[in-house]
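Counting in my numbering, the sequence shown runs from 1 upward without gaps.
Quick reminder that beta carbons are idealized off the backbone N, C-alpha and C, glycines included.
Every value quoted in this text rests on a predicted model; they were computed, and no experiment measured them.
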Amino acid sequence: MRSPHKTGIAVIGGGIVGASVAYGLAARGEKVTLFDEGDIAFRAARGNLGNVWVQGKGAGGPAYADLTRRAAKDWDDFAHDLGAESGIDLHFRRPGAFFFCFTEAELERRSKTLTDLDAQATVPSRFEVMDNAGIRRLLPEVSSAVVGATFCSDDGTTNPFHLLRALLSVFERRGDYRPGHPVARLAPDGSGFRVETPQGDWLADRVILTAGLGNKELAPGLGLSAPIRPVRGQILVTEKLKPFLRYGISFIRQTVEGGVIFGESSEEAGLDDRTTPDVIQTTAQRAVAALPLLANAQVVRSWAALRVMSPDGMPVYAESAAHPGAFLVTVHSGVTLAPFHAGPLATALSAGRLDPAWQPFSSDRFSVPAS
């Protein structure tokens with residue numbers, strides 16, 4: 001029997017969240033091994049439009065709003081530094097973005113939600129409410145079917161695939177990247193943890209679960225709880241078009257290369273990551289209703305992916321009381337929060353303890369009995 005390999009920190013899961021954490025830990029001098037199941041995994045990044053999104057995030061949870069706003073503000077420096085290190089352009093832009101409303105009632109509800117959220121959050125953000133004429137001054141291509149919108153200048157976009165590639169590229173220079181290494185079992189072992197894979201075992205001083213949907217099965221063995229579920233989203237992308245969409249829209253963006261990506265479905269479909277004709281058709285109809293010029297655009301590809309969703313939609317950051325050194329990181333907003341995961345969160349994980357200010361994101365909130 002082969003002796004187990006040894007590492008300082010084992011990060012389980014090589015998607016955007018895990019790669020961000022591993023990148024940040026390695027930058028702080030930690031000896032890190034990143035275990036990545038590979039492209040057979042349910043990559044949430046596949047279903048990500050690439051929005052660095054602020055407006056409306058944290059409705060009902062001001063701590064999440066503050067976390068999002070801080071992370072979004074850090075994106076300029078984060079994209080610059082990661083791009084310089086990796087040599088990969090993350091295509092980060094912050095022109096601001098719209099959330100389109102197709103009825104007056106929807107616009108009124110949206111405005112109230114953002115106003116109430118701003119009153120509760122402590123980190124400021126900027127949004128304005130526009131009617132159709134106001135939208136047209138910035139985006140002449142919009143249809144009259146769009147009654148109005150909220151617009152936030154803090155919102156931006158990036159390329160999630162470039163982001164993941166850049167994170168892994170830099171991490172590989174500093175740490176131990178193990179693609180094609182699904183983790184079959186995790187267990188406490190002496191003063192550390194044993195990580196079992198088909199390619200062999202590792203002993204780690206600490207372990208961080210960033211395995212997305214896989215966290216649900218891995219967490220209990222470390223005295224942690226990951227009450228998450230998959231939520232399917234379906235995406236379409238068009239042929240490359242002449243640049244016209246300078247601003248982001250909640251469910252539509254034009255890539256730097258010219259293709260227009262759109263999708264907004266949120267489906268309870270279990271682990272089924274297939275596309276369905278009805279949702280694809282509805283998504284296309286909504287996009288054309290908002291921007292009629294898309295009616296003649298050729299859709300070149302459609303696909304679906306599974307988001308990682310907690311019961312209240314907020315992140316879960318937890319450390320094990322039963323097995324010190326084991327941590328859980330579960331979040332569906334891995335793109336927007338990447339600077340936080342690679343920055344303040346990585347600093348805390350390097351120190352071996354989460355910041356008490358992040359208590360609102362503990363999994364303990366789901367075990368409080370209803371009154």
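Residue i and residue j closer than 8 Å at C-beta
i	j	result
I235	T330	no
V335	V52	yes
A204	I9	yes
V207	G325	yes
L224	S363	yes
A26	G258	no
T103	V147	yes
T157	G83	no
G18	A346	no
I12	L163	no
N215	L328	yes
V279	V260	no
E172	F151	no
Sequence-distant residues of its chain with Cβ nearer than 6 Å to residue i (five each side left out)
i	result
G352	none
A295	V288
L291	E141
R286	none
H5	W202
I135	V142 and A149
Q120	P62
P360	A63
H332	R307, V308 and M309
P188	H323
R28	S350
The beta strand (DSSP E) enclosing residue i, as first and last residue numbers
i	result
P230	R229 to K240
H341	Taken as a continuous stretch (DSSP letters only), H341 belongs to no beta strand (DSSP E), being part of the alpha helix (DSSP H) at A338 to A342.
A10	H5 to I12
E172	Unbroken run through E172 is the alpha helix (DSSP H), P160 to R174; no beta strand (DSSP E).
Same chain, Cβ closer than 7 Å to residue i, five either side skipped, listed in chain order
i	result
P339	A71, D74, W75 and F78
R178	T33, L34, F35 and D36
A370	For A370, the predicted model reports a pLDDT of 47, less than 50, meaning its position is unreliable and no value from the coordinates is stated.
T283	Q234, L236, F262, G263, E264 and S265
Buried or exposed (CB count within 10 angstroms, at least 16 for buried), residue i
i	result
F366	exposed
V300	exposed
H181	buried
P160	buried
E319	buried
Q298	exposed
G270	exposed
D116	exposed
P198	exposed
D155	buried
H80	exposed
R69	buried
P315	buried
G87	exposed
T7	buried
beta-carbon residue i near the ligand HEM non-hydrogen atom, thresh 7 Å
i	result
Q254	In the structure on display, the ligand HEM does not appear, and there are no ligands present to speak of.
Residue range of the unbroken alpha helix (DSSP H) whose run includes residue i
i	result
P62	P62 to K73
T282	P277 to A290
K112	E104 to Q120
K216	N215 to L218
G18	I16 to A27
A133	N132 to L138
CB contact below 8 Å: residue i versus chain B
i	result
V260	The structure shown contains no chain B; it holds only a single protein chain.
Own chain, CB closer than 8 Å to residue i, minus 5 neighbours either side, in chain order
i	result
F244	E141, Q254 and L293
P344	D355
- Is there contact between the stretch 154-174 and the stretch 264-282, where contact requires at least three CB pairs shorter than 8 Å? no
- Message: Quick test of the definition: if touching needs 3 or more C-beta pairs under 8 Å, does the stretch 245-254 touch the stretch 89-108?
- Response: yes
- Message: With three or more beta-carbon pairs closer than 8 Å as the criterion, would you say the stretch 54-66 touches the stretch 24-32?
- Response: A contact between stretches requires three or more CB pairs, one per stretch, nearer than 8 Å, and the stretch 54-66 fails this requirement with the stretch 24-32.
- Message: Using a Cβ distance threshold of 8 Å, determine whether the stretch 218-233 contacts the stretch 301-313, with at least three qualifying pairs required.
- Response: yes
- Would you call the stretch 219-227 and the stretch 98-114 in contact, with 3 or more CB pairs under 8 Å? No contact exists between the stretch 219-227 and the stretch 98-114.
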